[in-house]
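**Q** Residue numbers (UniProt numbering): 1 to 185.
For every residue, glycine included, the Cβ atom is placed at its ideal position computed from N, Cα and C.
Okay, here's the structure, questions in a sec.
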Amino acid sequence: MFATHGYRGGSLRDISRQLNLSLTSIVHHFGTKYELLEAVLERADKTVGTGFAAFDFEADCAERGVAVATMERVRTNLERPELLRLLAILAAESSAPEHPAHGWFVNRYRSKRAALAEAFAFDQAKGRIDAVRDPELLSGSLIATWDGLQLQWLIDPSTDMERGMRAFFEWAIPEALPRGDEATS
Numbered sequence: 001m002f003a004t005h006g007y008r009g010g011s012l013r014d015i016s017r018q019l020n021l022s023l024t025s026i027v028h029h030f031g032t033k034y035e036l037l038e039a040v041l042e043r044a045d046k047t048v049g050t051g052f053a054a055f056d057f058e059a060d061c062a063e064r065g066v067a068v069a070t071m072e073r074v075r076t077n078l079e080r081p082e083l084l085r086l087l088a089i090l091a092a093e094s095s096a097p098e099h100p101a102h103g104w105f106v107n108r109y110r111s112k113r114a115a116l117a118e119a120f121a122f123d124q125a126k127g128r129i130d131a132v133r134d135p136e137l138l139s140g141s142l143i144a145t146w147d148g149l150q151l152q153w154l155i156d157p158s159t160d161m162e163r164g165m166r167a168f169f170e171w172a173i174p175e176a177l178p179r180g181d182e183a184t185s
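Following this line, the structure appears as structure tokens:
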């Protein structure tokens with residue numbers, strides 16, 4: 001329901017019907033529509049965000065670098081359009097400060113920027129990227145590119161997210177991409 005109609009597009013009763021569950025059961029487990037939304041967002045973020053379901057993104061960044069870990073995550077996310085759509089719809093809705101998930105998305109983006117900035121700084125310390133580059137600027141730019149490519153792909157599946165992300169790295173930090181066989185692993 002949230003992935004197709006957003007937060008405001010249906011009631012708990014509508015959600016219970018769609019899930020073939022009783023309204024009482026949903027209220028018992030989640031309490032309110034917002035608490036259900038928050039649980040859905042947490043689950044989706046762990047699966048597609050800087051998440052940990054398919055592999056540990058932060059550990060992969062440390063081991064192989066942000067560029068390689070990101071390219072792997074992009075490939076993994078291609079298998080989860082419904083979760084990407086959920087996050088895209090709710091992120092757009094929550095840009096309004098009065099939206100119930102506004103704070104959740106503010107915190108999500110702050111933590112993503114901080115984690116990626118830290119990972120870029122680690123890449124600098126390991127000599128994977130040039131020390132003159134600003135990790136915080138790279139972090140925000142990567143997230144903007146990633147979100148933009150995902151949205152374009154959701155609208156038009158012929159959009160090549162992998163190619164777009166590779167182009168970002170080639171333009172912004174070409175030294176971060178491995179060359180040869182290692183680039184596709």
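#1: Quick one: what does DSSP say His102 is sitting in, helix, strand or coil?
#2: Can you look up Arg80 in the DSSP assignment and give me helix, strand or coil?
#3: Less than 8 Å separating the beta-carbons of residue 224 and Ala115?
#4: Given a threshold of 16 other Cβ atoms within 10 Å of its Cβ, counted over all protein chains shown, does Gln18 qualify as buried or as exposed?
#5: Thr50 by DSSP, collapsed to three states: which one?
#6: What is the residue span of the alpha helix (DSSP H) that Leu21 lies within?
#7: Grab me the residues of Ile143's own chain with a C-beta within less than 8 Å of its C-beta, minus the 5 sequence neighbours each way, in chain order.
#8: Measure the C-alpha to C-alpha separation of Pro157 and Phe122 and round it to an integer number of angstroms.
#9: At which residues does the alpha helix (DSSP H) containing Ser139 begin and terminate?
#10: Looking only at its own chain, which residues have a Cβ that is under 7 Å from the Cβ of Arg179, when we skip the five neighbours before and after it?
#11: CB-CB under 8 Å to Val27, same chain, minus the five flanking residues each way: which ones, in chain order?
#12: Does the distance from the C-beta atom of Leu154 to that of Pro97 stay below 8 Å?
#13: Specify the secondary structure class of Asp60 as computed by DSSP and reduced to three states.
#14: In terms of residue numbering, what span does the alpha helix (DSSP H) encompassing Arg163 cover?
#15: Check whether the Cβ atoms of Glu58 and Ala119 sit closer than 8 Å, and answer yes or no.
**A** Walking through what the data contain:
#1: Here residue 102 refers to the residue found at position 102 of the sequence shown. In this structure, His102 counts as helix in the three-state DSSP scheme.
#2: In the sequence shown, residue 80 corresponds to position 80, counting from 1. In the structure shown, Arg80 sits in coil (DSSP, three-state: anything other than H, G, I, E or B).
#3: As shown, the chain starts at 1 and ends at 185. That puts residue 224 outside it, with no answer to give.
#4: Walking along the sequence shown from the start, residue 18 turns up at place 18. Exposed.
#5: As a first step, residue 50 is located in the sequence shown; it is residue number 50 there, counting from the start. Because Thr50 carries a pLDDT of 44, less than 50, the predicted location of this residue cannot be relied on, and the following value inherits that uncertainty. Residue state, collapsed to three classes: coil.
#6: Along the sequence shown, read from residue 1 onward, the residue named residue 21 stands at position 21. Where Leu21 is concerned, there is no enclosing alpha helix (DSSP H), given that its DSSP letter is neither H nor E.
#7: Within the sequence shown, the letter at position 143 stands for residue 143. Cβ neighbours of Ile143 beyond the five flanking positions: Tyr109, Lys112, Arg113 and Leu116.
#8: Sequence index remark: in the sequence shown, residue 157 carries index 157 (1-based). Sequence index remark: in the sequence shown, residue 122 carries index 122 (1-based). Those two C-alpha atoms are separated by around 34 Å.
#9: What you label residue 139 is simply residue 139 of the sequence shown in a count that begins at 1. Counting along the chain, the alpha helix (DSSP H) containing Ser139 begins and ends at Pro135 to Ile155.
#10: Translated into the one-based positions of the sequence shown, residue 179 becomes position 179. Here the set comprises nothing.
#11: One-based indexing of the sequence shown puts residue 27 at position 27. Cβ neighbours of Val27 within its own chain (closer than 8 Å, five residues either side excluded): Leu12.
#12: Walking along the sequence shown from the start, residue 154 turns up at place 154. Walking along the sequence shown from the start, residue 97 turns up at place 97. No. Outside cutoff.
#13: The residue given as residue 60 occupies position 60 in the sequence shown. Of the three classes helix, strand and coil, the one that applies to Asp60 here is helix, per DSSP.
#14: Sequence index remark: in the sequence shown, residue 163 carries index 163 (1-based). Met161 to Ala172 is the span of the alpha helix (DSSP H), which, as asked, contains Arg163.
#15: Mapped onto the sequence shown, residue 58 falls at position 58. Mapped onto the sequence shown, residue 119 falls at position 119. Against a cut-off of 8 Å, the Cβ pair of Ala119 and Glu58 comes out as a contact.
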